[in-house]
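Protein chains in written order, with my numbering: chain R, 51 to 374; chain F, 881 to 1232; chain Z, 8 to 276.
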């Protein structure tokens, strides 16, 4: 338990660090951000003045940081100029869309990676393993940007899948089943891109861990006991190989919000990614800060989750931790 | 030693690839900013050896493209006028490596008819030339960015590992922070808070510095590990026994041991940083027009019309693939060589 | 006559567990006192973990003792400032046990022996090379081997190299920390004979640290036995060997394998 608390404290420290970094970035921009805003005809002088007062730009840095921290703690992430509304709700909608995509992609990737990796490890060095290794090596060499764009072009030329957006026009007026179909068809491309991007590395990790576990003496003993192959592979070998994979899983969770930025932008999926990019280009400061902060929270949470899972799954860590 | 041979093989591949890009002026038929408003979005031209009448020609040739009747963006070959390709021909002025002025190009056509091997863009600029010149920008950004990161990482890692104590704690906590963050987001965040409209040179430097500052944590940790283990070795103690200063020890004994780690990290980081530049430029946050980089060459793909009709605008994306292959091959060869000596398993390649 | 080296009540604590605040302080040296007369050899015998290496490092000024004093030629070196210590360093040199880690494997023999001259900074390149070659010759490493890398040499050659390096700055005291323990028996014989010869020709003083009584018997004038960070018995070599007093001494003696008479001819590699 103390181990977990220590890791949680660590996570909190990380979050503070991240928030400080983010705040410092925004506060130390060359040229006053609000000066640029003043030049923007869409925003009235009164608004600028009010914002300046609200954000206490004339107070020293630590005071501003605490004030900002306080605001964030209350869920006030600022005001978006492009959307003319508080940042919170906008971010929430986009985050939901992103999570829909990334959770699906992650589940799919893991569901594919585990059997592929185990199968590959069990036939180490032979033809199926080499083909798989070759495929993953090839995929690894192709960066995500290239992959996503390539898929997009494929889709555009074959018209098999819609090439942008969450849902089609007229979504509201169809039956629930059709709604689901529509959503799914829009999801195919980005999910494929995400899966193809993360699958090779995952398969490699699974293969490596399981291959190492298969070498262990206790496994040979199990073979000697006549335990059936499938049980051996999944019940014994995978279990033993689980540690690094569990950590990896936790980290995957951490990247749920940030890992899909590129794919979302390329495929015009209305998630956090495009929001962030638009906000940067439109100089919509608080949206940027809010987006970055939210992703960092996910990341730190993912790390913590990895620690917690590892702690729960591996009794060795529990005993080592309690012995400290 | 087959490891040596593998290493040399990948090095040769990379040197060749970089050489082609470095000598972009020679390999590219045209100047990358030269526009030809009459011929926007030309598809790639085909090189023929056998003409429309079935005759075989020794010298490859191409047919210039003309607009199909009743169409404003469909082209067809004008089989009446075959234009031969000329090799080692004189073309536009350029400076090889920014130093040596020259007019020699690997191939070209006549003044009247231009050969667009990879098609042209909205302003009629030759894509092949733009890809080659763009490679210079992107690769340089990647190399310089990796250089900055490795320098930062090495300095911080050495300071943390050698001096230990609170300095070590502080630096490693900071490294954890940076490692925990997704570098793309950090990159964007950094970029966001810097001025948007800058000159191409400033933008380039910005990209280099920003990417450099983001990735120092992993090299720093690895270098620190090496320093920690070397610091305890007896020959370092012996040198201190002669009265050697800290600086001498770091420079003569410890630094050479980190070379392996730094090289492996370099091979992993350079393609990542090239990709970072491509991503930033693709989104309009990196190198702006008219300077071409692989990233901003892809920017036009964000328009639906381009996606549908002009598929050859995707080709710059493929340009990076052989480089990725080369660098990853080099990295794995280096890792194999170094794992023969030590047990560290942390120099990972992370796609996030 | 004043002894060359006198150690008085040396204590060295290490903090086990968390560094701050130190949880369990572990005393590697728990009040060590000894003295060595010039041109003699004191053998320090003890089991592993008795604190021998810690003592060696403190004497060679590579570590700071927690308390106590080390008098070298009448000067308290433990209390000296870093810069003053640096001036004294050439006088006390250390030969380590494992030549694989005490010599930089990538450097050549010449570079390794030249290093002390380079660090001292007052010799030209030619002078360094000449002096280094002279010392290499002295320890029996032939000219051919001089430009070989350290990892290409045999164990015996490496230790000769280590000794040459230790001799380079003409120290008065050489601390040999288990310097022969990693070598084969026949090589041990050769190297120990080399050490004896160097001692008589150069007037050296040795602090010879070992866990092997047979080696101590061969080389030492006086023997001190160390156990759990303390000197439990000391005195002239023959007396200790003939009638050991402390139980630690007796168990160490009992554990020593009977070594046949060592040859006294020096063999050149």
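Beta carbons: idealized from backbone N, C-alpha and C, even for Gly.
Item, Value
"Run the CB neighbour count on residue 892 of chain F, radius 10 Å, all protein chains shown included, and call it buried at 16 or more, exposed below.", "exposed"
"Give the single residue among F:1155, F:1171, F:1209 whose Cα lies nearest to the Cα of residue 1019 of chain F.", "F:1155"
"For chain Z, find out if any of its Cβ atoms is closer than 9 Å to the Cβ of residue 1105 of chain F; answer yes or no.", "no"
"Tell me, to the nearest whole angstrom, how far the beta carbon of residue 18 of chain Z is from that of residue 75 of chain Z; I am working on the premise that it is less than 8 Å.", "5 Å"
"Taking 9 Å as the CB-CB cut-off, is residue 1128 of chain F touching chain Z?", "yes"
"Using the Cβ count rule (16 or more neighbours within 10 Å means buried), how would you classify residue 164 of chain Z?", "buried"
"According to a CB-to-CB cut-off of less than 8 Å, which residues of the region 238–249 of chain Z neighbour chain F?", "none"
"Let me know the secondary structure DSSP gives residue 103 of chain Z once reduced to three states.", "coil"
"Give the straight-line distance between the Cα atoms of residue 186 of chain R and residue 156 of chain Z, rounded to the nearest whole angstrom.", "42 Å"
"Can you check whether the C-beta of residue 1147 of chain F is within less than 9 Å of a C-beta belonging to chain Z?", "no"
"Quick one: is residue 899 of chain F buried, meaning 16 or more other Cβ sit within 10 Å of its Cβ, or exposed?", "exposed"
"Got a sec: is the Cβ-Cβ distance from residue 54 of chain R to anything in chain F below 9 Å?", "no"
"Cutting at 6 Å between CB atoms, please list the residues of its own chain near residue 44 of chain Z, excluding the five before and the five after it.", "10"
"Under 9 Å, Cβ to Cβ, is there at least one residue of chain Z near residue 1124 of chain F?", "yes"
"For residue 237 of chain Z and residue 52 of chain Z, I'd like the C-alpha separation in whole angstroms.", "11 Å"
"For residue 1 of chain R, tell me which candidate among R:73, R:156, R:231 has the shortest Cα-Cα distance.", "There is no way to answer for residue 1 of chain R, as the model of chain R reaches only from 51 to 374."
"Counting pairs of Cβ atoms below 8 Å between the region 1168–1178 of chain F and the region 169–183 of chain R, do you hit three or more?", "no"
"Taking C-beta pairs closer than 7 Å, name the residues in chain Z that residue 1204 of chain F reaches, listed in chain order.", "Chain Z residues near residue 1204 of chain F: none, gap ~33 Å exceeds 7 Å."
"In terms of DSSP beta bridges, what is residue 266 of chain R paired with?", "BP columns for residue 266 of chain R are empty, so no partner."
"Determine the direct distance from the alpha carbon of residue 1214 of chain F to that of residue 894 of chain F, and round the result to whole angstroms.", "14 Å"
"Please name the residue in F:1074, F:911, F:1109, F:1038 whose C-alpha comes closest to that of residue 1098 of chain F.", "F:1038"
"So, for residue 983 of chain F: in the same chain, excluding its five sequence neighbours on each side, which residues have a beta-carbon less than 8 Å away from its beta-carbon?", "970, 971, 972, 973, 974"
"What is the rounded straight-line gap between the Cα of residue 1150 of chain F and the Cα of residue 1159 of chain F?", "14 Å"
"With residue 887 of chain F and residue 1206 of chain F assumed to form a contact (beta carbons below 8 Å), what rounded beta-carbon distance in angstroms separates them?", "Rounded, the Cβ-Cβ distance is 12 Å, inconsistent with contact."
"Using a Cβ-Cβ distance cut-off of 9 Å, determine whether residue 1170 of chain F contacts chain Z.", "no"
"Would you decide whether residue 917 of chain F is buried or exposed? Buried here means 16 or more other CB atoms lie within 10 Å of its CB.", "exposed"
"Going by DSSP, which residues form a beta bridge with residue 47 of chain Z?", "DSSP lists no partner for residue 47 of chain Z."
"Looking only at DSSP bridge pairs, what is residue 21 of chain Z linked to?", "Z:33"
"Using DSSP's beta-bridge definition, name the partner residues of residue 14 of chain Z.", "Z:41, Z:77"
"Starting from the C-beta of residue 1016 of chain F, find all residues in its chain whose C-beta is less than 8 Å away, skip the five residues before and the five after it, and write them out in chain order.", "901, 902, 904"
"Rank Z:171, Z:116, Z:35, Z:159 by C-alpha distance to the C-alpha of residue 54 of chain Z and give the top, closest one.", "Z:35"
"Going by beta-carbon coordinates alone, are residue 1051 of chain F and residue 1060 of chain F separated by less than 9 Å?", "no"
"Got a sec? Which residues, its chain only, sit under 8 Å from residue 1231 of chain F by beta carbon, not counting five neighbours each side?", "Note on residue 1231 of chain F: pLDDT 31, under 50, position unreliable in the model; no value is reported."
"Can you list the residues of chain R that residue 1197 of chain F reaches, using a CB-CB cut of under 8 Å?", "195, 196, 199, 200"
"What is the DSSP secondary structure of residue 1093 of chain F, counted as helix, strand or coil?", "helix"
"Please go through the region 143–205 of chain Z and give each complete beta strand (DSSP E) segment of 3 or more residues, from N-terminal end onward.", "180–184"
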